[in-house]
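Numbering-wise (UniProt numbering), the sequence shown opens with residue 1 and increments by one.
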Amino acid sequence: MMWRTVRRIMREPLGAIGLTLVTVVVLSAVFASGLTSYAPSKISPAERFAPPSLLHLLGTDHLGRDLLTRVLYGGRVALLIALGATAVSLIVGVVLGLIAGYGPRWLDNVLLLIFDAVKSFPTVMLALTLVTLFGPSLYAVVLVVMLVNVPGYARIIRTQTLVLKSAEHVMAARSMGASAGRILRVHILPNIIGPILILISMDIPVVVAIEAGMSFLGLGVRPPTPSWGAILNDGFANIRDSYWIVIAGGLPIVLTTLGFTFFGETLRDLFDPRLKGRS
């Protein structure tokens with residue numbers, strides 16, 4: 001089944017590009033230590049602002065750190081936050097969405113009010129609030145991602161649950177005395193998790209952009225932990241001396257965003273042909 005899906009994706013031009021980029025990004029992050037002989041935080045003042053060369057393929061930064069190494073290890077941070085925070089957001093969103101869709105009307109109204117209230121806050125304001133409370137850290141980034149994503153996932157799950165709640169097989173199970181937990185677990189959840197997984201693949205680049213943006217503003221992971229956003233910040237601060245730092249920090253963000261976006265859109269088109277060609 002999995003290989004059949006991969007073959008179908010590779011038949012689509014955008015799908016092939018997206019899957020290739022995603023594979024390259026993931027493998028380069030996983031095997032970062034084997035792809036470079038430098039440490040990501042090793043400082044070499046004598047080599048500061050060195051341009052790209054055979055010794056340093058992407059050059060060095062203002063502290064003489066190898067940029068290729070920092071980009072590879074920064075990919076680990078970006079994917080760890082993107083995959084981990086999105087997975088937690090999905091779990092929370094699924095639970096709240098099922099409760100809202102299958103529970104009593106008053107509880108549905110309360111949860112919808114909470115979802116709308118959280119969603120109304122701009123991402124930057126949420127980031128500033130959490131950083132003020134907890135300080136710049138990886139955990140602050142994860143909390144921002146969860147607060148941004150959970151309401152969206154919960155609303156989609158709620159809508160799908162309301163539709164399936166009146167389906168014949170669900171009503172039959174209810175008439176036979178099946179508990180609410182069993183109906184949700186066996187008859188509703190398996191029918192709604194597919195669209196959510198497709199949505200996740202399209203939301204991962206958004207999370208990568210959030211992490212990079214927060215690190216760029218100094219609100220994300222703390223130095224000297226490598227981050228694409230922090231590399232981009234260093235590049236803008238020293239752009240007159242070393243333009244290659246901006247390229248090293250920005251290119252992986254662009255490629256990762258394009259890869260996951262193309263991959264997610266291809267999955268959407270394959271599994272829901274009604275949406276093909278729509279934005």
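We treat Cβ as the ideally placed atom computed from N, Cα and C, and that holds for glycine. Everything numeric in this text was worked out from a predicted model, so none of it was measured.
Quick one: residues in its chain with C-beta nearer than 7 Å to the C-beta of residue i, no 5 flanking neighbours on either side, listed in chain order?
{"i": "serine 279", "result": "Note on serine 279: pLDDT 42, under 50, position unreliable in the model; the coordinate value appears next. Answer for serine 279: no residue qualifies."}
{"i": "glycine 264", "result": "Ile198, Ser201 and Met202"}
{"i": "tyrosine 73", "result": "Ala32, Pro40 and Pro226"}
{"i": "valine 22", "result": "Gly259, Phe260 and Phe263"}
{"i": "residue 329", "result": "Outside the modelled stretch of the chain, which goes from 1 to 279, sits residue 329, for which no answer is possible."}
{"i": "proline 190", "result": "none"}
{"i": "leucine 184", "result": "Leu98 and Tyr102"}
Give me the Cα-Cα distance between residue i and residue j, rounded to the nearest whole angstrom.
{"i": "arginine 11", "j": "serine 215", "result": "37 Å"}
{"i": "proline 157", "j": "leucine 147", "result": "One point to set straight first is that residue 157 is isoleucine, not proline, in the sequence displayed. If I take the Cα positions, the gap works out to 16 Å."}
{"i": "isoleucine 188", "j": "glycine 213", "result": "37 Å"}
{"i": "isoleucine 247", "j": "arginine 105", "result": "52 Å"}
{"i": "valine 71", "j": "histidine 169", "result": "51 Å"}
{"i": "leucine 275", "j": "glycine 97", "result": "Any reading at leucine 275 must be qualified, since the residue scores a pLDDT of 46, below 50, and its modelled position is unreliable; the value itself is stated next. Looking at the two C-alpha atoms, the distance is approximately 23 Å."}
{"i": "valine 144", "j": "serine 166", "result": "35 Å"}
{"i": "proline 195", "j": "arginine 268", "result": "8 Å"}
{"i": "proline 51", "j": "threonine 60", "result": "7 Å"}
{"i": "tyrosine 243", "j": "leucine 68", "result": "15 Å"}
Just to confirm my understanding: we take residue i, look at its own chain, exclude 5 residues before and 5 after, and list those with CB closer than 6 Å. What are they?
{"i": "lysine 119", "result": "Pro151"}
{"i": "aspartate 241", "result": "Phe49"}
Under DSSP, the alpha helix (DSSP H) around residue i begins and ends at which residues?
{"i": "tyrosine 73", "result": "67–102"}
{"i": "phenylalanine 236", "result": "228–237"}
{"i": "aspartate 108", "result": "105–120"}
{"i": "methionine 214", "result": "189–216"}
{"i": "histidine 169", "result": "168–175"}
{"i": "threonine 159", "result": "138–165"}
{"i": "valine 186", "result": "No alpha helix (DSSP H) contains valine 186, which DSSP labels as neither H nor E."}
{"i": "valine 124", "result": "123–134"}
{"i": "glycine 15", "result": "13–30"}
Looking at chain D, is there any beta carbon in it that lies within less than 8 Å of the beta carbon of residue i?
{"i": "serine 179", "result": "Looking at the structure shown, chain D is missing, and only one protein chain is on hand."}
Below 8 Å CB to CB, which residues in the same chain sit around residue i once its five sequence neighbours on both sides are set aside?
{"i": "valine 142", "result": "Ile81, Gly84, Ala85 and Val88"}
Three or more beta-carbon pairs under 8 Å between the stretch 31–45 and the stretch 227–245, yes or no?
no
Three CB pairs or more closer than 8 Å across the stretch 73–82 and the stretch 99–112
no
Jot down the residue ranges of each uninterrupted beta strand (DSSP E) in the stretch 240–264, minimum 3 residues, whole runs only, in chain order.
none
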